[in-house]
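Student:
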Amino acid sequence: MAREIENDILLRKINCFCNEKKEIKASRTCISAWDLVNILKDYYRELYDMFDEDSNFYQELLDEINSLISPDYISVLNKRVGSYTFNQIRLLVKDSLFKIIDHNYNLRGIKCDSINVAICQEISAIKLSIHENYELKPIIVCRDIEAGRLYLAKDSNNNEKLLEQIRTKLVNIFDVIDSFRATMPRTSANNEITDASFSEEFVTNGNKYEIEFDNEIFKGKVEVLSNGKVSYSLAVSSEDKEYELSKTINVEEIMSKIPIDVSELKDPIKSIVFSSFEKEYMVVDGEVKAI
203 MAREIENDIL LRKINCFCNE KKEIKASRTC ISAWDLVNIL KDYYRELYDM FDEDSNFYQE
263 LLDEINSLIS PDYISVLNKR VGSYTFNQIR LLVKDSLFKI IDHNYNLRGI KCDSINVAIC
323 QEISAIKLSI HENYELKPII VCRDIEAGRL YLAKDSNNNE KLLEQIRTKL VNIFDVIDSF
383 RATMPRTSAN NEITDASFSE EFVTNGNKYE IEFDNEIFKG KVEVLSNGKV SYSLAVSSED
443 KEYELSKTIN VEEIMSKIPI DVSELKDPIK SIVFSSFEKE YMVVDGEVKA I
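Using the numbering used here, the letters of the sequence shown map in sequence onto residues 203 to 493.
Here is the structure:
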């Protein structure tokens with residue numbers, strides 16, 4: 203019973219806040235917490251797309267690499283059905299490839315399962331997890347910042363023909379990474395590329411930007427990881443306790459009504475916010491309106 207009463211009190215506080223407060227109108231001095239999330243997601247999207255398996259960039263690059271190393275892959279791609287979603291198609295392609303490999307083991311057994319990126323202070327690396335006849339033969343291409351040269355990691359396999367065909371793609375990825383270095387959280391000082399460098403733990407346990415905000419009811423945080431991923435959390439306070447709010451409730455509505463003083467933001471976050479105004483907004487009577 204006590205728990206139900208406590209939940210009811212929290213719900214009343216949330217509803218009261220949402221009914222009484224208006225959405226923050228973005229200006230050069232104040233934005234909402236939700237504005238901040240979207241500004242940062244837009245800014246870091248090109249970087250994070252390289253890590254996000256659901257992004258179009260990642261999916262298209264994986265398809266391109268597989269079409270180069272396996273004629274069977276492109277033959278399956280050509281059988282796509284228009285009524286399927288892209289993710290469903292990818293599952294069908296993957297399933298069909300396994301069947302091709304299983305039924306024709308001696309004839310064909312090569313494909314790239316995944317593409318992973320690692321970012322260190324002085325080196326970036328791209329790992330192509332290629333299986334050939336069920337044996338993992340990864341290709342790991344590195345580029346150091348100072349010399350700008352491409353080279354294979356110590357434990358990397360080689361495929362000169364494939365690397366030559368996708369060299370421009372790889373260089374473009376490295377260029378994008380370097381273009382974000384000035385505004386990404388400080389990366390690992392360990393420049394030795396190992397399997398651990400490509401793990402999710404390497405990113406999540408590393409440095410990150412944390413932007414905290416609060417008011418009389420809510421307390422939240424926006425985080426930016428070194429791979430460009432932007433996440434957020436929101437809690438409601440009651441009697442010196444904090445209760446994490448699930449993203450299934452209308453967190454967007456709440457966060458769009460919580461103000462953040464732009465002057466209190468630290469660089470590079472503050473600069474990113476101002477940059478977003480210049481690129482995507484116009485100023486009308488002191489307020490910022492989306493174009």
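Positions of the beta carbon are idealized from the N, C-alpha and C atoms, including for glycine. Note that the structure is predicted; figures quoted are calculated from it, not measured.
#1: Closer than 6 angstroms by C-beta to K431: which residues in its own chain qualify, once you throw out the five before and the five after it? Chain order, please.
#2: To which residues of the same chain is I325 closer than 6 angstroms at the C-beta, ignoring the five residues directly before and after it?
#3: Confirm, please, whether the CB-CB distance from A235 to I462 is below 9 angstroms.
#4: How big is the Cα-Cα spacing for E222 and N268?
#5: Can we say the stretch 363 to 378 touches the stretch 245 to 260, given the rule of at least three CB pairs closer than 8 angstroms?
#6: DSSP puts L372 in a beta bridge; with which residues?
#7: Let me know if L213 comes out buried or exposed under the rule of 16 or more other beta-carbons within 10 Å of its beta-carbon.
#8: Excluding five sequence neighbours on each side, which residues of the same chain lie with their C-beta closer than 6 angstroms to the C-beta of M168?
#9: So what does DSSP say about A398, is it helix, strand or coil?
#10: Taking Cβ positions, are E255 and S316 nearer each other than 9 angstroms?
#11: Please classify T389 as buried or exposed, where buried requires at least 16 neighbouring CB atoms within 10 angstroms.
#12: Suppose contacts are defined by Cβ-Cβ distances below 9 angstroms. Is I226 in contact with K459 by that definition?
#13: Kindly provide the ranges of any beta strand (DSSP E) runs that are 3 or more residues long and lie completely inside the stretch 408 to 443, ordered along the chain.
#14: The beta strand (DSSP E) spanning A391 covers which residue range?
#15: Excluding the 5 residues preceding and the 5 following F259 in the sequence, name in chain order all residues of the same chain whose CB lies nearer than 6 angstroms to its CB.
#16: Quick check on A391: buried or exposed, where buried means 16 or more other Cβ atoms within 10 Å of its Cβ?
#17: Taking F219 as the reference, which of S477, E348, V453, S478 has the closest Cα?
#18: Per the DSSP calculation, E337 is bridged to which residue(s)?
#19: Check each candidate in E425, K421, D397, A398 and name the one with the smallest Cα separation from N409.
#20: Starting from D244 and walking both ways along the alpha helix (DSSP H), at which residues does that stretch end?
#21: Quick one: give me the first and last residue of the beta strand (DSSP E) that L352 is part of.
Tutor: According to the structure shown:
#1: Excluding positions up to five away in sequence, the list reads Y250.
#2: Result list for I325: C344, D346, N393, in chain order.
#3: In this structure, I462 sits near A235, with a CB-CB distance shorter than 9 angstroms.
#4: Roughly 55 angstroms between the two C-alpha positions.
#5: With the cut-off at 8 angstroms, the stretch 363 to 378 and the stretch 245 to 260 touch.
#6: Answer is none; L372 lacks a bridge partner.
#7: Answer is exposed; the Cβ neighbour count stays below 16.
#8: Nothing in the structure corresponds to residue 168, since the chain is present only between 203 and 493.
#9: Of the three classes helix, strand and coil, the one that applies to A398 here is helix, per DSSP.
#10: It is a contact, given that the beta carbons lie within the stated cut-off.
#11: Counting Cβ neighbours within 10 Å, T389 comes out buried, since at least 16 surround it.
#12: The beta carbons of I226 and K459 sit closer together than 9 angstroms.
#13: Fully contained in the stretch 408 to 443 are the following beta strand (DSSP E) runs of length 3 or more, in chain order: 410 to 416, 420 to 427, 432 to 440.
#14: For A391, there is no enclosing beta strand (DSSP E), as DSSP gives it neither H nor E.
#15: Take F259, set aside five residues on each side of it, and the residues of its chain with a beta-carbon closer than 6 angstroms to its own are D251, in chain order.
#16: Classification for A391: exposed.
#17: Looking at S477, E348, V453, S478, the one whose alpha-carbon comes closest to that of F219 is V453.
#18: E337 is bridged to E334.
#19: The alpha carbon of N409 has as its nearest neighbour, out of E425, K421, D397, A398, the alpha carbon of E425.
#20: Judged by DSSP secondary structure, D244 falls within the alpha helix (DSSP H) whose first and last residues are 235 to 250.
#21: Residues 352 to 354.
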